[in-house]
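Encoded as C-alpha cells, the structure appears first; notes follow it.
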Amino acid sequence: MGEPSVVLTPAQETELALLVETLLRQIAMALANGEIANVEDHG
C-alpha cells in the first residue's frame, strides 16, 4: 500500500509548525527541569 498523501493549506502548515515547535519546547523544558524521569533509573 502506498503512503496516504495529506495536502495542507499554507495556513494549516503554519499552524502545524507552531504546534510542533510548542511541543518540542515543552519537552525540552520538562527535560531541563527533570520532570521526565529516565526509564533506566527505574530498572
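Sequential numbering of the sequence shown, starting at 26, is according to our numbering.
C-beta: ideal position from N, C-alpha, C; glycine also.
Since the structure is predicted, the reported quantities are computational estimates derived from the model, not experimental observations.
What first and last residue would you give for the alpha helix (DSSP H) that runs through residue i?
i: L48; result: 35-57
For the putative contact between residue i and residue j, defined by C-beta atoms under 8 angstroms, what is the C-beta separation to the nearest angstrom?
i: A53; j: I61; result: The pair is not a contact, with the Cβ atoms about 10 angstroms apart (cut-off 8 angstroms).
i: L41; j: L48; result: Wrong, their Cβ atoms sit about 11 angstroms apart, outside the cutoff.
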